[in-house]
Amino acid sequence: MAKRIVLGLLAALAVLGVAAAIVVYVLSERRIRRHFDVAAEPHLSLPSDSASLARGRHLVTATGCVLCHGEDLGGTVYTDVPRVARIPAPNLTSGQGGRARTSTDVDWERALRHGIHRDGTSLVLMPAEVYTYLSDADAAAMLAFIRRATPMNRESDPVTFGPIGRLLLARGGFSVLVAEKTPRVPHVASVTPGPTAQYGRYLADVAGCRGCHGLHLSGGYVIGPPGVPLASNLTPTGLASWSESDFVKALRTGRRPNGTPINPFMPWRTIGQMTDEELHALWLYLQSVPPMEFGHR
310 MAKRIVLGLL AALAVLGVAA AIVVYVLSER RIRRHFDVAA EPHLSLPSDS
360 ASLARGRHLV TATGCVLCHG EDLGGTVYTD VPRVARIPAP NLTSGQGGRA
410 RTSTDVDWER ALRHGIHRDG TSLVLMPAEV YTYLSDADAA AMLAFIRRAT
460 PMNRESDPVT FGPIGRLLLA RGGFSVLVAE KTPRVPHVAS VTPGPTAQYG
510 RYLADVAGCR GCHGLHLSGG YVIGPPGVPL ASNLTPTGLA SWSESDFVKA
560 LRTGRRPNGT PINPFMPWRT IGQMTDEELH ALWLYLQSVP PMEFGHR
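Below, the structure written as structure tokens:
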């Protein structure tokens with residue numbers, strides 16, 4: 310009798326487990342397959358002149374596209390955490406398997422500034438919440454350069470979510486679906502570069518500084534893979550002992566003024582590719598924000 314009861318309980322638990330797995334799958338899949346609509350925007354006119362293409366190359370490097378898609382833009386596996394998710398960054402070039410072979414200019418713009426696939430579903434981890442602040446001129450320059458990048462023949466695997474990742478998605482967490490968090494902001498035609506705090510703010514926005522350091526740039530906990538360090542306080546409080554030359558040197562060498570290394574999760578290698586004028590503008594902007602204690606985000 311007792312054996313039958315135990316077996317019955319085990320069978321019931323198995324049924325409940327299967328039912329729970331089905332619910333998690335359905336809820337996570339519903340979130341993954343959610344369709345996003347964006348209002349029609351004026352078609353970006355992609356330039357072909359050498360100055361614009363050079364600007365596009367610079368932005369692709371300095372704002373971090375190469376961190377995920379590789380120096381050749383041919384795609385890499387950005388993260389692979391067993392049972393959570395395997396997230397490849399696709400091949401962007403016109404080579405075999407590349408997005409430039411099949412994507413229209415409208416597809417590119419929707420992906421870059423809205424985080425949306427051609428079918429209306431969300432991209433994964435693509436920082437559209439940052440690139441949505443790009444001016445029309447800079448977005449067009451980046452896309453023009455990417456379209457002309459050296460073709461790489463490299464197929465990209467699809468994004469896959471493991472059971473833990475799907476559970477997190479089903480519960481409403483795991484903020485990797487970027488269309489959900491990309492704001493709808495007016496897109497300006499162009500931004501005038503220069504040694505100003507205003508231009509520095511634009512650079513901080515499109516380089517994604519707030520993604521790790523917080524809305525107010527005061528640093529703290531960062532959502533990311535295991536081992537991600539706390540983000541530093543970039544307000545005048547956190548940088549009180551730093552000079553501008555310290556700031557520039559840190560972004561160019563990956564070392565703080567005291568000689569300690571900056572964790573490679575901080576993309577100093579790409580941000581350090583900004584010009585002297587751009588880093589000066591960024592410094593001016595950081596010095597202009599309200600001082601805040603660490604961790605107030």
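Residue numbers for the sequence shown follow my numbering, beginning at 310 and rising by one. We put the beta carbon where it would ideally sit given N, CA and C, even for glycine.
Can the beta-carbon of residue i be found closer than 8 Å to that of residue j?
i    : j    : result
R561 : T430 : no
V439 : L526 : no
A453 : S357 : yes
S361 : D445 : no
S465 : P391 : no
G481 : G528 : no
G373 : M461 : no
According to the neighbour-count rule (16 or more other Cβ atoms, all chains shown, within 10 Å of its Cβ), is residue i buried or exposed?
i    : result
D447 : buried
Q507 : exposed
D514 : buried
R408 : buried
S412 : buried
A479 : buried
P397 : buried
P600 : exposed
V497 : exposed
A437 : buried
DSSP three-state label for residue i, please.
i    : result
G529 : strand
F603 : coil
V433 : strand
A458 : coil
T621 : The requested residue 621 does not occur in the structure, where the chain is confined to residues 310 to 606.
F470 : strand
V487 : helix
A549 : coil
R408 : helix
R564 : strand
V390 : strand
R395 : strand
- Can you find at least 3 beta carbon pairs, one from the stretch 463 to 477 and one from the stretch 415 to 425, that sit closer than 8 Å? no
- Item | Entirely enclosed alpha helix (DSSP H) segments - the stretch 326 to 388, minimum 4 residues | 359 to 371 and 374 to 378
- Pair every Cβ in the stretch 486 to 498 with every Cβ in the stretch 397 to 404, then say whether three or more of these pairs are closer than 8 Å. no
- Task: Determine, using beta-carbon pairs with one atom in the stretch 548 to 561 and one in the stretch 578 to 590, whether at least three such pairs fall under 8 Å.
- Result: yes
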